[in-house]
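So that you can map any letter, position 258 of the sequence shown is 258 in our numbering, and since no number is skipped, the others follow by simple counting.
A virtual CB, placed ideally from N, CA and C, is assigned to each residue, including glycine.
Encoded as structure tokens, the structure appears first; notes follow it.
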Amino acid sequence: MWLIKSKSKTWFVLVVFLLTFLNSLPLSAASVLAAWLITSEGVLKLRTSANANLNAYYQPGYKNIGDRLWIDFPGELIQPRKLKGNGPIKEIRLGKPFVGNTRLVVEFDQNVSLNPSDLKLLGKSPTLWELRLTGLNVFNLESFGEGDVTTKTSNLTLASSRNRFLNNRLNSNSLPNVETGRFKIIIDPGHGGPDTGAIGLRGVKETDIVLDISKKVSRYLSSKGVAVQLTRTKDIDLDLSERVIIANKSYANAFISIHANAVRGYRRDVSGIETYFYRGYNGKNLANKIQSELVKVPGGSPDRGVRQSRFFVIKHTHMPAALVEVGFLTGRVDSRLLSQQTYRDQIAFAIAKGILKYLKETY
Ligand SMILES: [Zn+2]
Numbered sequence: 001m002w003l004i005k006s007k008s009k010t011w012f013v014l015v016v017f018l019l020t021f022l023n024s025l026p027l028s029a030a031s032v033l034a035a036w037l038i039t040s041e042g043v044l045k046l047r048t049s050a051n052a053n054l055n056a057y058y059q060p061g062y063k064n065i066g067d068r069l070w071i072d073f074p075g076e077l078i079q080p081r082k083l084k085g086n087g088p089i090k091e092i093r094l095g096k097p098f099v100g101n102t103r104l105v106v107e108f109d110q111n112v113s114l115n116p117s118d119l120k121l122l123g124k125s126p127t128l129w130e131l132r133l134t135g136l137n138v139f140n141l142e143s144f145g146e147g148d149v150t151t152k153t154s155n156l157t158l159a160s161s162r163n164r165f166l167n168n169r170l171n172s173n174s175l176p177n178v179e180t181g182r183f184k185i186i187i188d189p190g191h192g193g194p195d196t197g198a199i200g201l202r203g204v205k206e207t208d209i210v211l212d213i214s215k216k217v218s219r220y221l222s223s224k225g226v227a228v229q230l231t232r233t234k235d236i237d238l239d240l241s242e243r244v245i246i247a248n249k250s251y252a253n254a255f256i257s258i259h260a261n262a263v264r265g266y267r268r269d270v271s272g273i274e275t276y277f278y279r280g281y282n283g284k285n286l287a288n289k290i291q292s293e294l295v296k297v298p299g300g301s302p303d304r305g306v307r308q309s310r311f312f313v314i315k316h317t318h319m320p321a322a323l324v325e326v327g328f329l330t331g332r333v334d335s336r337l338l339s340q341q342t343y344r345d346q347i348a349f350a351i352a353k354g355i356l357k358y359l360k361e362t363y
């Protein structure tokens, strides 16, 4: 059992692996989630296929949205759905946030405030998981769920000795501090809508990968008091000049466009990370800072360096601008890495870190 502690109010990610290696299932595989239950005592129980690799996340509520907790499972859900909660639980959503993934979201009522350091997703057996929602007022909570979370074969004594937890939490406390409320950044997830961008191995789409990474970058920056505007937050069509208009109206300190690469002829041997700038000392410095953080992410994607290019969005935006290519979706190494939620999180963390270092040095 691994106790995961975190300072509240900041983003935290708790990542639990039942195996000591990261495995990526074929993207078309069925969801490993077999059943879920929230008991009237406030315990979330899950049944999955054996030795699944789950990621659990928590986000404190803001504005009129309550606290949220979600768990990502490998494998794709057939039927995304929403279920009305009861008592302190507002809604349960089962979604497909990403090709090849299943996400179970628990949204709490606005008056619920969970302590993230109390949240632990524990493997009780190779197929059973529990997360106790400590501090939840369960006074009027009735148990609800889907499927049967009990299995005939579970042997808790045997199972608990097989649990091996690896805590891979990326803590925004370890990101550089900048003056809160002073900076604004535009994050531009490339492509969207009918323009899927590159299509990689196993059908991975650039638009999905870069939107996911962009949102994660945005969360990390926001947690450090940096205002972030995304040019798109959904899978919508947005042309390049619209992106530039959004950026130039924003008076942001920097613009970062996020893309993933592809190579003609589907050469699987080509992988690597590159960051582009178009002009100026600041643009180049921004690109350098981001690239040098990105190449530190473990996984083995090669460093293809910082390059100069006339990409439309970095050429026409007025502020220092960089365009990141997080990897080749057509590459054997990168496509495997980028299909993993934990890797995308590390990439996002690195981009956020590079941006914060740039702000710190420049202002
Ligand atoms: Zn692109």
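**OP:** Figure out for me which residue from Thr275, Lys96, Asp148, Asn55 has the closest Cα to the Cα of threonine 34.
**Re:** Taking the sequence shown and counting its residues from 1, the one referred to as residue 34 is at position 34. Looking at the sequence shown, residue 34 is not threonine but alanine. Per the Cα distances, Asp148.
Subject >> Beta-bridge partners of alanine 321, as assigned by DSSP >> reply: As a first step, residue 321 is located in the sequence shown; it is residue number 321 there, counting from the start. For alanine 321, which the question treats as bridged, DSSP gives the partners Phe255.
Subject >> C-beta atoms of leucine 44 and tyrosine 58 nearer than 8 angstroms >> reply: Taking the sequence shown and counting its residues from 1, one reaches residue 44 at position 44. Taking the sequence shown and counting its residues from 1, one reaches residue 58 at position 58. No, the pair does not count as a contact, with Cβ atoms beyond the cut-off.
**OP:** Could you check how far apart the C-beta atoms of isoleucine 258 and threonine 275 are, in whole angstroms? I think they sit under 8 angstroms.
**Re:** Working through the sequence shown from its first residue, we reach residue 258 at position 258. Working through the sequence shown from its first residue, we reach residue 275 at position 275. The Cβ separation is near 10 angstroms, so there is no contact.
Original post:
Which residues share a DSSP beta bridge with glutamine 308?
Top reply: Locating residue 308 in the sequence shown gives position 308, counting from the first residue. Looking at the DSSP assignment, glutamine 308 forms a beta bridge with Phe277.
Subject >> Cut-off 8 angstroms between Cβ atoms - residues of its own chain near phenylalanine 21, not counting five sequence neighbours on either side >> reply: Translated into the one-based positions of the sequence shown, residue 21 becomes position 21. Note that phenylalanine 21 has pLDDT 35, beneath the 50 cutoff, so the model's placement of it is unreliable and no number is given.
Original post:
Between serine 292 and glycine 354, which are expected to be in contact by the criterion C-beta below 8 angstroms, what is the C-beta distance as a whole number of angstroms?
Top reply: Within the sequence shown, the letter at position 292 stands for residue 292. Within the sequence shown, the letter at position 354 stands for residue 354. Right, the Cβ-Cβ distance comes to about 7 angstroms (below 8 angstroms), so this counts as a contact.
Subject >> Lining residues of ligand 1 - beta-carbon closer than 5 angstroms to any non-hydrogen atom, in sequence order >> reply: Gly190, Gly197, His259
Original post:
For glutamine 229, which three-state DSSP category applies?
Top reply: Counting from 1 along the sequence shown, the entry for residue 229 is found at position 229. Three-state result, glutamine 229: strand.
Original post:
Are the segment 221-228 and the segment 112-120 in contact at 8 angstroms, needing three or more beta carbon pairs?
Top reply: no
**OP:** May I ask you to report which of helix, strand or coil DSSP gives lysine 315?
**Re:** Translated into positions along the sequence shown, residue 315 becomes position 315. Three-state result, lysine 315: helix.
Subject >> Contact belief for phenylalanine 98 with aspartate 212 at Cβ below 8 angstroms, rounded distance in angstroms >> reply: Counting from 1 along the sequence shown, the entry for residue 98 is found at position 98. Counting from 1 along the sequence shown, the entry for residue 212 is found at position 212. Correct: roughly 6 angstroms between the Cβ atoms.
Subject >> Sufficient close CB pairs (3 or more, under 8 angstroms) joining the segment 343-352 to the segment 204-218 >> reply: yes
Subject >> Residues near isoleucine 314 by beta carbon distance below 6 angstroms, same chain, minus five either side >> reply: Stepping through the sequence shown from its first residue, residue 314 is reached at position 314. Closer than 6 angstroms at the Cβ level, and outside the excluded window around isoleucine 314, lie Tyr278, Ala321, Leu323.
Original post:
Under three-state DSSP, which class holds isoleucine 78?
Top reply: Counting from one through the sequence shown, the residue named residue 78 turns up at place 78. Here isoleucine 78 sits in coil by DSSP.
Original post:
How about asparagine 261 and alanine 198: are their beta carbons less than 8 angstroms apart?
Top reply: Translated into the one-based positions of the sequence shown, residue 261 becomes position 261. Translated into the one-based positions of the sequence shown, residue 198 becomes position 198. A contact, by the Cβ cut-off of 8 angstroms.
**OP:** Starting from glutamine 59, follow its DSSP beta bridges and name the residues at the other end.
**Re:** Along the sequence shown, one-based indexing puts residue 59 at 59. Glutamine 59 is bridged to Arg68.
Original post:
Just checking, does the segment 237-246 make contact with the segment 186-204 on the three C-beta pairs under 8 angstroms criterion?
Top reply: yes
Subject >> Residue burial classification, leucine 131 (beta-carbon count within 10 angstroms, cutoff 16) >> reply: Locating residue 131 in the sequence shown gives position 131, counting from the first residue. By the Cβ neighbour-count rule, leucine 131 is buried, with 16 or more other Cβ atoms within 10 Å of its own.
Subject >> Continuous beta strand (DSSP E) stretch holding alanine 35: start and end >> reply: Taking the first residue of the sequence shown as 1, we reach residue 35 at position 35. Unbroken beta strand (DSSP E) run through alanine 35: 33-38.
Original post:
With leucine 121 and leucine 54 assumed to form a contact (beta carbons below 8 angstroms), what rounded beta-carbon distance in angstroms separates them?
Top reply: Along the sequence shown, read from residue 1 onward, the residue named residue 121 stands at position 121. Along the sequence shown, read from residue 1 onward, the residue named residue 54 stands at position 54. Contact holds; Cβ gap of about 7 angstroms.
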